[in-house]
Every structure is written in C-alpha cells, then in structure tokens.
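See structure below.
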Amino acid sequence: MNSKKIIIALVTIFAAIATQAQSIKVGYVDVQTVFTQLPEVKTANSTMETYKKQLEKGIEDKKKVFEQKVAKAEAEFKGMSEAMQQATQKELAGLQEQMQIASQDAQQQMQKKQGELMKPIEDKIQKAINDVAKENGFTHVLSKEMLLFSQPTDDISNLVLKKLGITPGANTATTPKTPTTTPK
C-alpha cells in the first residue's frame, strides 16, 4: 500500500515536470538587425547629425573668438603693464575653461538628444517583441547577442519585423547603397 502511494507520488511528480518542460518556448531576436531596418532610425540619425553640426558650430565660434583674443594678446603683450598682462592671462584662462565646459556640455546634450530620439524606437521594438512572443506562445525571448548556440527556427526577428510593418530582408536604414555597375 505504501509502495503504491510512493509510485503514484513519483508518477505525479514526473508528469508535472514533463508538463512544465513542454510549456517553455524560447525564441531570440537579432535586435540590431531589426533596429537598422526601421525607417525611423534613418530619420533619427539625420536629426542627430544636424544637431551635432549645430553644437560643433557653436564650439567653433567660441574657439575662433578665443584664438583671436590670444593673437591680439600676443601682439600687445610686450607693451602691456604687468597688471594688464596678468589680467589678460586670467581672461584667456577663463575663456579656455569656458570652451572646455562648452565642449563637455555639448557631449552631454548629444547623449541626451540621442536618448530622446532612440527611446521611442526602442520602445516600439520592445512592444513588437512582446506582441510576437504572446501571439506565438513564447515564454522567453532573448537577444541574439547573448546566445552561444541556437536553432535558426527559434529566430523570431522576421516575425518582429513583420509586426513593425517591415518586409524582412528589405534594404536597411543605415546601410549605404552599393553601386549597381562595376568599375572598368
């Protein structure tokens, strides 16, 4: 009688383990490929390039002003009193520090702008991954970059692209066009 209870308990445990093992379905996504195929990425990159040029122009303008003041100070330095020389050196050091601060601020502004532009795209991709996973019964979806081995049948990248309205294998947003003719 005890042996029957033990056997029934073991069968129940093994059945539960087998059922649980069958319910796990893992897929993976090549997020970088999905990302590069979105047209929004090309727009965001273009916006970032324009923003970067604006920031660089502001820094270049400050650099020109600084260089002009340095040239003027060098030309007039010998004719200045010691107090004027010290004041000029202090002014130039202050301008140089302002340029360094402006450069650091520009870097921070670029990082912030990139985050603002890319966050909606990343959120859109994540939502598509979540939707595809739910629709196809995946319990786990991993990034392709994290995998050491996987079956190609577990790749749901094309499903995610379709969910985003992109035809898989279409031209990528960040890949430059290649010439169709060969040089002679």
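In my numbering, the protein residues as written are 20 to 203. Cβ coordinates follow ideal geometry from the N, Cα and C atoms, glycine included.
Does the beta-carbon of ALA63 have 16 or more other beta-carbons within 10 angstroms, so that it is buried, or is it exposed? buried
Inspect the CB distances between the stretch 177 to 185 and the stretch 149 to 156 and report whether three or more fall short of 8 Å. yes
If we ignore side chains and look at the alpha-carbon of each, how far apart do THR55 and ASP49 end up? 10 Å
What residue from ILE78, GLY188, LYS44 has the CA that sits closest to ALA125's CA? ILE78
Proximity to LYS131 [Cα-Cα], best of TYR70, GLU59, SER65: Per the Cα distances, TYR70.
Who does LEU161 pair with in a DSSP beta bridge? TYR47
Find the nearest neighbour of VAL89 within the set GLN73, LYS76, LYS109, SER100, judged by alpha-carbon distance. LYS109
Could you please give the first and the last residue of the uninterrupted alpha helix (DSSP H) stretch that includes PRO58? 58 to 95
Exposed or buried, LEU57, counting other C-beta atoms within 10 Å across all chains shown (16 or more means buried)? buried
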